[in-house]
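Q: Sending over a structure as structure tokens; questions will come in a sec.
See the structure below:
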């Protein structure tokens, strides 16, 4: 569930089909720079009602999923 | 002129000197602080021992407030954070990312924290983490830069956060200071203008090149690597751009090509191999003068302009 929600937010951020997003997809491959990643992180925070307090050390969608799962205890 | 920034930092002029790597040493920072602005020592990639020595040198010259710029992708960033806390440095500015994980310990040590930001998202993130103000830096600036320009970035950041906003990028005189105050800023950070401060210890050839530079004499390299850098057009930056356009060059090869080029410019004035980082405001920089005079001139000019601006509203 966490992955699906995050995949959708990431797909929205770069106008791609959500089906193309996997855990291995890297932000670099999607041409998302560090500022774009911050926007994605903020959208995720809103969706899950959590504070991630990060944004710099994330490389892939899987990193985001792991972080959110840790924060939400999912 | 007295703004919220003057009160926040305990300074006379609302001017912060940019944390320019290899350039912003104790000599320049002490002159700026002693002259009434906020001098900054750039930690860049330097080891903690070097930064500690610079802090001591500065303190031998002035007892005024000063800051250290922490470059967040430095390999020794954790040690630098420990050092500024141990040394009770009054102010920290940060560059190259989000400083959030360090903000609580810096704040607990009584340090005023001003992250450099290049988007509203970044500004909101650091506000939430407890930063005291933000430095909104537009792409006109020299060195590592963001995409948005100062004119568009500053008012949007002023809307996005409640924190005081310091404007940077493209500002080199009182007109720039007055203009960004109209956009909502409470002060400026200037880098390029301080390159030609008398107390700035860069190679004399670097200063000559800045003074000779015109409006169109800077160029942005490194976009392909994801961290664009603005510097003067020189044989080095032209060669870098050419290599950047060559698909045969790997990112690692490109990084290696650029490595050490800033040091060559600063220490050796190497006109062929040096990377002379500079902002688009270089065409406004006309002469070598003491740091105090640079700030006094800037503030006096801004005051005159702001007083005169009332004539537009009748």
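Residue numbers (this note's numbering), protein chains in the order written: chain P, 4 to 77; chain D, 16 to 329. Even glycine gets a Cβ: it sits at the ideal position worked out from N, Cα and C.
If the cut-off is 8 Å on Cβ atoms, which residues from the segment 113 to 138 of chain D count as contacting chain P, listed in chain order?
A: Answer set for the segment 113 to 138 of chain D: 113, 115, 116, 133, 134, 136 and 137.
Q: I want to verify the contact list: residues of chain C whose CB lies under 7 Å from the CB of residue 241 of chain D, in sequence order.
A: The chain inventory of the structure shown lacks chain C, comprising the protein chains P and D.
Q: Just grab the DSSP bridge partners of residue 81 of chain D for me.
A: According to DSSP, which records beta bridges pairwise, residue 81 of chain D is partnered with D/54.
Q: Please identify, using Cβ separations under 8 Å, the residues of the segment 138 to 164 of chain D that lie next to chain P, in order along the chain.
A: Flagged, chain order: 139, 140, 143, 144, 161 and 162.
Q: Given this structure, state the Cα-to-Cα distance separating residue 163 of chain D from residue 152 of chain D, to the nearest angstrom.
A: One C-alpha to the other measures close to 8 Å.
Q: DSSP state of residue 29 of chain P, grouped into three classes?
A: Strand.
Q: Does DSSP put residue 33 of chain D in a helix, in a strand, or in coil?
A: Residue 33 of chain D falls in the coil class under three-state DSSP.
Q: Bridge partners for residue 282 of chain D per DSSP, in chain order?
A: According to DSSP, residue 282 of chain D bridges with nothing at all.
Q: Flag this pair as yes or no: are the beta carbons of residue 235 of chain D and residue 297 of chain D separated by less than 9 Å?
A: Not a contact, by the Cβ cut-off of 9 Å.
Q: Take the Cβ of residue 191 of chain D as the centre, count every other Cβ of all protein chains shown within 10 Å, and call the residue buried at 16 or more, exposed below.
A: Buried: at least 16 other Cβ atoms inside 10 Å.
Q: Determine the closest residue to residue 158 of chain D out of D/320, D/317, D/252 and D/284, with distance taken between C-alpha atoms.
A: Nearest of D/320, D/317, D/252 and D/284 to residue 158 of chain D, Cα basis: D/252.
Q: Does the CB of residue 44 of chain P have a neighbour CB from chain D at under 9 Å?
A: Interface residue, yes.
Q: Report all residues from its chain with a CB closer than 7 Å to the CB of residue 137 of chain D; omit the five preceding and five following residues, and keep chain order.
A: The residues are 113.
Q: Run the CB neighbour count on residue 305 of chain D, radius 10 Å, all protein chains shown included, and call it buried at 16 or more, exposed below.
A: With fewer than 16 Cβ atoms within 10 Å of its Cβ, residue 305 of chain D is classed as exposed.
Q: Ordered along the chain, which non-local residues of its own chain (more than five positions away) have a Cβ less than 8 Å from that of residue 170 of chain D?
A: So the list reads 198 and 199, once near-sequence residues are dropped.
Q: Report back the beta-carbon spacing between residue 156 of chain D and residue 183 of chain D to the nearest angstrom; my notes put them in contact at under 8 Å.
A: The pair is a contact, with the Cβ atoms about 6 Å apart (cut-off 8 Å).
Q: At 3 residues or longer, and completely inside the segment 115 to 197 of chain D: list those beta strand (DSSP E) runs for me, N to C.
A: Whole beta strand (DSSP E) segments, 3+ residues: 127 to 132, 149 to 152 and 180 to 183.
Q: Quick check: the Cα distance between residue 260 of chain D and residue 74 of chain D, rounded to an integer number of angstroms?
A: Approximately 46 Å between the Cα atoms of the pair.
Q: Measuring only the C-alpha atoms, how far is residue 2 of chain P from residue 30 of chain P?
A: For residue 2 of chain P there is no data in the structure shown, the boundaries of chain P being 4 and 77.
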